[in-house]
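Note sheet for the following structure.
Numbering (the working numbering), first residue to last: 40 to 386.
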């Protein structure tokens, strides 16, 4: 098992002042019991970087969000909670994290994966120059590889259940990917195809036990990706229909071609082929135009369907005393921090 432990860390080390780190935690499925992992992750980053932010993204229906903010607000500096309208999945929530994060390095994870992730595994390759770091399960079955290949062909996305949702990215690549509106909520599936300098770290995390709920969630992900890749599939259908229409047009000219070369074989079957080809040419051309129009309409619709933010709260909304915030003049000893720390967060 891996965790947010600072093994080998020397508390006297100088903090890195050249990088701003954004830690994004997506509530998946909710923030129940996520306070301690978030606190540990925030402390891990604060011990290494002078400038950082912690951004929590949750659905507005998450009834544990307020409790988590109140508990974490006493100890976690630069904390911000965004609540999103509706019942959104991980990727729909993550888009707001990408848009709101201001860090040079962005780490995104989910509340159910964060307790088992060693953040140093993600940050070390970033410091070495990598622009994108992802985690891959150690070992995989033939079925998992076959499904990944089929999904890559079908949807055009890098879909592989062997990879975790936890990622580390550079600010520039996120900004570039956000310029593609209809794919912005699928960054974790498209980012690998846009970056050359990337790192995949193989880890061995606790296995998620197979259950009906887990299987249903995977099927929902596959269906969701197929639906959002409908634009790509429709454009592929447009190209196929256009080629078939051109082929039918060429076949329709077959009797004319025979007449042009002087072959006197104009029989009934030639006229039948010409008529069928003319009908097929018109049908395929109409289908190509229809698929192109629908794909364009879906592309515009997907770009407008980003869930809206209904709540944006900072620590200052709950606490008015400046010594509870991460300001330069506020210096609290480790003992004082542990003494004031809620019992559920004490190490």
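Quick reminder that beta carbons are idealized off the backbone N, C-alpha and C, glycines included.
Legend entry - residue 162 beta carbon less than 8 Å from that of residue 139: no
Inset, instruction - Specify, as a first and last residue, the run of the alpha helix (DSSP H) that residue 136 falls within. - result: 129-139
Legend entry - Per-residue burial, residue 236 [other beta carbons within 10 Å of its own, 16 or more giving buried]: exposed
Inset, instruction - Please name the residue, chosen from 105, 54, 309, that lies closest to residue 69 on a Cα-to-Cα basis. - result: 105
Inset, instruction - Please work out which residues of its chain come closer than 7 Å, Cβ to Cβ, to residue 198, disregarding the five sequence neighbours upstream and downstream, and give them in chain order. - result: 187, 190, 191, 228, 264
Legend entry - Integer-rounded CB distance, given that residue 54 should sit under 8 Å from residue 77: Contact doesn't hold; Cβ gap of about 20 Å is too wide.
Inset, instruction - Whole angstroms is fine: what's the gap from residue 56's alpha carbon to residue 159's? - result: 17 Å
Legend entry - Backbone secondary structure at residue 71 - three-state DSSP: coil
Legend entry - Contained alpha helix (DSSP H) runs [length at least 4] in the stretch 166-228, N- to C-terminal order: 181-194, 210-216
Legend entry - residue 309, DSSP secondary structure in three states: helix
Legend entry - For residue 105, three-class secondary structure by DSSP: helix
Inset, instruction - For residue 114, count neighbouring C-beta atoms within 10 Å of its own C-beta (all shown protein chains included) and say buried if the count is 16 or more, exposed if not. - result: buried
Inset, instruction - Identify which residue in 238, 284, 282, 272 has its Cα closest to the Cα of residue 330. - result: 272
Inset, instruction - Just the C-alpha distance for residue 79 and residue 62, rounded to the nearest angstrom, thanks. - result: 12 Å
Inset, instruction - Using the Cα positions of residue 311 and residue 296, report the straight-line distance between them to the nearest angstrom. - result: 15 Å
Legend entry - Where residue 117 falls: helix, strand or coil (DSSP): coil
Legend entry - Three-way DSSP call (helix, strand, coil) for residue 328 in this model: helix
Legend entry - Three-state secondary structure assigned by DSSP to residue 240: strand
Legend entry - Buried versus exposed, by CB contacts within 10 Å (16 or more), residue 86: exposed
Inset, instruction - From the DSSP output, in three-state form, read off residue 159 for me. - result: helix
Legend entry - Assigned exposure category for residue 211 - 16 Cβ within 10 Å defines buried: exposed
Inset, instruction - Could you tell me the distance, in whole angstroms, from the CA atom of residue 147 to the CA atom of residue 92? - result: 12 Å
Inset, instruction - In the DSSP assignment, find the unbroken alpha helix (DSSP H) run with residue 278 in it and report its ends. - result: 269-291
Legend entry - Proximity to residue 95 [Cα-Cα], best of 82, 67, 89, 155: 67
Inset, instruction - Measure from the alpha carbon of residue 327 to the alpha carbon of each residue in 283, 175, 107, 289, then state which is nearest. - result: 283
Inset, instruction - State buried or exposed for residue 389, treating a residue as buried only when at least 16 other CB atoms are found within 10 Å of its CB. - result: In the structure as shown, the chain begins at 40 and stops at 386. Residue 389 is therefore absent and cannot be evaluated.
Legend entry - residue 103 beta carbon less than 8 Å from that of residue 59: no
Legend entry - 7 Å CB neighbourhood of residue 243 in its chain, flanking five on each side removed: 177
Legend entry - Residue from 309, 294, 316, 202 with nearest C-alpha to residue 287: 316
Inset, instruction - For residue 258, count neighbouring C-beta atoms within 10 Å of its own C-beta (all shown protein chains included) and say buried if the count is 16 or more, exposed if not. - result: exposed
Inset, instruction - Below 8 Å CB to CB, which residues in the same chain sit around residue 196 once its five sequence neighbours on both sides are set aside? - result: 190, 225, 228, 229, 264, 268
Inset, instruction - Output the boundary residues of the beta strand (DSSP E) element that contains residue 232. - result: Careful: residue 232 lies outside any beta strand (DSSP E) and carries neither H nor E.
Inset, instruction - Using the Cα positions of residue 130 and residue 170, report the straight-line distance between them to the nearest angstrom. - result: 20 Å
Inset, instruction - Give the secondary structure of residue 338 by DSSP, where H, G and I count as helix, E and B as strand, and everything else as coil. - result: helix
Inset, instruction - Would you decide whether residue 173 is buried or exposed? Buried here means 16 or more other CB atoms lie within 10 Å of its CB. - result: buried
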